[in-house]
Amino acid sequence: MPGEYLDFVMQSNGGMGFVGDAYVDFWRIDELRQFNAECESHIYAPGILLFGTNGGNDGYGFDFRQPVVHCVRIPLIGMALDMIEPLGETFGAFLSNISSDQ
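See below:
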């Protein structure tokens with residue numbers, strides 16, 4: 014797991030609220046396995062570990078398919094690897110990018 018994300022969950026263990034104008038529901042560490050199993054991310058998006066949602070159809074996750082882990086957005090309904098939108102090479106960049114989403 015990326016260090017910035019680990020620092021975040023060590024302090025908050027998830028949470029929900031706004032990052033800029035973007036609503037985010039960050040799942041608790043103990044919920045990651047269950048929610049990823051329910052979303053069947055291992056089937057529809059192997060290599061992606063979801064860590065939260067926007068409260069709607071978008072999931073947020075880490076893309077572990079490359080040597081450098083990236084934060085991504087992926088639809089929860091119609092999930093597929095070709096639907097991934099990169100949102101940053103770090104958790105900080107991810108937060109910055111979603112906070113400025115229109």
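Quick note: the sequence shown uses this note's numbering, first residue 14, plus one each step.
Note that CB positions come from ideal geometry on N, CA and C, so glycine has one too.
- If you draw a straight line from the Cα of residue 48 to the Cα of residue 64, it comes to about 9 Å.
- Per DSSP, the continuous alpha helix (DSSP H) segment holding residue 16 begins and ends at 16-25.
- Taking C-beta atoms under 8 Å as the contact rule, residue 30 and residue 37 qualify, at a distance of about 7 Å.
- Listed as beta-bridge partners of residue 85 by DSSP are 74 and 99.
- Rounded to whole angstroms, the gap between the alpha carbons of residue 53 and residue 78 is 17 Å.
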